[in-house]
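Asker: Residue numbers (this note's numbering): -6 to 302. Mind looking over this structure? Questions follow.
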Amino acid sequence: MVVAANPGDPGHHWLASRYVFKAAPWEPFEEPKSNRTWIYAPSTFLDNPFLDQDEYKKQLEASCPADPELLRAWLNGDWAINRGAYFAQVLSEEKNAVNPWPHLPEDGWDKWDFFLAHDYGASAPSVTYLVAESPGAEGPDGRYYSKDSLILVDELATNEPGSLTKGMGYTVPVLAEAIKELVEAWEMKKASGVADDAIFSVHGAQAGSIADEFLRAGVYFRPAKKADRKTGWEVMRRLMQDAGKPDVPGLYISRDCEYFWSTVPFLARDPKRQDDVDTRGPDHAADAARYACLRSKQTFTSRRIRGLI
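Right, dumping it as structure tokens:
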């Protein structure tokens, strides 16, 4: 079976999540719904030697004169198209998506920094990322990551199957167990990291805050100190934009992080605040990634203050 499609056309979302972001180009992968082995084989008009490529490019440009993001997707074959979205121009499959890691770096506990980034939800999805911060080294996937780059290695998203907006309704103890299973699968030493500041507020129950409940269940979070949302988004956008550069840190996301790739590229701008994400959309993965970026920024700044770097 051969499935042919262009990014941005009807069916874009399910094609991208089901086939494009499952593996790197030209690498076979198993697709569970069809129970078949597939290969994502990207190509553009530049790969067809029988076309008048200059003329074809002009036709593409004429087809979307008011939609530069769609034109970019067609010219580059980019399935992370985010037409009119908040992360337009900074997030792309080609530079930000990386192959799933087979394991964490074997010498990682001495050089790499691993932590969790968590956005809490019950009726809405909860999203937790296992994040690796690079010391300026090669990862298990054979790719070099510049110093202080962040890699979202794996993801735990509690959205209902078939829905990006409904959560599974997990209680904190159940969610904590799922987070610890994620940590144990990667042989991390401790389930710890940063989370939304809101979970540290005492809500009047005897159990204390949500963070207190996580603590009793063996998951250790500290506040992300997210400050204003604009600052966090700007840090995240810069890291996305700088991915692939050898001398500055970037943000990379594993193809295994399905909820991220199903939501973040398509988040719209807030119609009243153009420098913010529209919170009416499924922004849970984006929020968790933002907390990771802010945590990294704070760590980097504190090291500079102490004169360690």
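Note that CB positions come from ideal geometry on N, CA and C, so glycine has one too.
Might you give, ordered along the chain, the residues of its own chain that have their beta carbon closer than 6 Å to the beta carbon of V146, omitting 5 neighbours on each side?
Answerer: Counting from one through the sequence shown, the residue named residue 146 turns up at place 153. Cβ neighbours of V146 beyond the five flanking positions: W94, L123, A125 and S247.
Asker: By the 10 Å Cβ neighbour count, where 16 or more other Cβ atoms means buried, how is F259 classified, buried or exposed?
Answerer: What you label residue 259 is simply residue 266 of the sequence shown in a count that begins at 1. F259 comes out buried.
Asker: If you drop the 5 nearest sequence neighbours on each side, which residues of the same chain put their C-beta closer than 6 Å to that of S116?
Answerer: Looking up residue 116 in the sequence shown gives position 123. Counting only Cβ-Cβ distances below 6 Å, and skipping sequence neighbours, we find G160.
Asker: By how many angstroms is the C-alpha of V83 removed from the C-alpha of G197?
Answerer: Along the sequence shown, one-based indexing puts residue 197 at 204. Along the sequence shown, one-based indexing puts residue 83 at 90. Confidence at G197 is low in this model, with a pLDDT of 49, below 50, so the placement of that residue should be treated as unreliable; the coordinate-derived value is given next. In a straight line, the C-alpha of G197 is about 42 Å away from that of V83.
Asker: Please say whether M229 and F107 have beta carbons closer to each other than 8 Å?
Answerer: Mapped onto the sequence shown, residue 107 falls at position 114. Mapped onto the sequence shown, residue 229 falls at position 236. No, they are not a contact pair.
Asker: What's the call for L109, buried or exposed, on a 16-neighbour Cβ count within 10 Å?
Answerer: Here residue 109 is taken as the residue at index 116 of the sequence shown, counted from 1. L109 comes out buried.
Asker: What is the DSSP secondary structure of T30, reduced to helix, strand or coil?
Answerer: Residue 30 sits at position 37 when you count from the first residue of the sequence shown. In the structure shown, T30 sits in a strand (DSSP, three-state: E or B).
Asker: Just mark A9 as buried or exposed, buried being the case when its beta carbon has 16 or more other beta carbons within 10 Å.
Answerer: Against the sequence shown, residue 9 aligns to sequence position 16. Buried.
Asker: Counting Cβ pairs, one atom from each stretch, are 3 or more of them under 8 Å apart for the stretch 207 to 219 and the stretch 230 to 237?
Answerer: The answer is no - the stretch 230 to 237 does not touch the stretch 207 to 219, with fewer than three Cβ pairs under 8 Å.
Asker: Let's see if you can read the secondary structure: which residues bound the beta strand (DSSP E) around D235?
Answerer: Against the sequence shown, residue 235 aligns to sequence position 242. Segment R222 to D235 is the alpha helix (DSSP H) holding D235; no beta strand (DSSP E) there.
Asker: Have a look at the DSSP bridge pairing and note the partners of I246.
Answerer: On the sequence shown, position 253 is the one that residue 246 refers to. DSSP lists A90 and L145 as partners of I246.
Asker: Give the C-beta separation of Y113 and A188 to the nearest angstrom, bearing in mind that I take them to be a contact with Cβ-Cβ under 8 Å.
Answerer: In the sequence shown, the residue the question calls residue 113 occupies position 120. In the sequence shown, the residue the question calls residue 188 occupies position 195. So it is a contact: roughly 6 Å between Cβ atoms.
Asker: Looking at the secondary structure, which residues open and close the alpha helix (DSSP H) in which Y163 lies?
Answerer: Numbered from 1 along the sequence shown, position 170 holds the residue referred to as residue 163. Neither: Y163 is in no alpha helix (DSSP H) and is coded neither H nor E.
Asker: Any heavy atom of the ligand SAM closer than 7 Å to the beta-carbon of A73?
Answerer: For the structure depicted, the ligand SAM is absent and the ligand set is empty, with no information on it obtainable.
Asker: Leaving out five residues on either side along the sequence, give the residues of the same chain with a beta carbon under 8 Å from the beta carbon of Y12.
Answerer: Mapped onto the sequence shown, residue 12 falls at position 19. Here the set comprises V(-4), E24, W31 and Y33.
Asker: Under 8 Å Cβ to Cβ from P239, same chain only, skipping five residues before and after it: list those, please.
Answerer: The sequence position of residue 239 within the sequence shown is 246, counting from 1. Once the five neighbours on either side are set aside, the close Cβ partners of P239 are Y137 and S139.
Asker: Looking at A184: is its Cβ nearer than 8 Å to the Cβ of Y252?
Answerer: Here residue 184 refers to the residue found at position 191 when the sequence shown is read from its first residue. Here residue 252 refers to the residue found at position 259 when the sequence shown is read from its first residue. Cβ distance not < 8 Å, so A184 and Y252 don't count as in contact.
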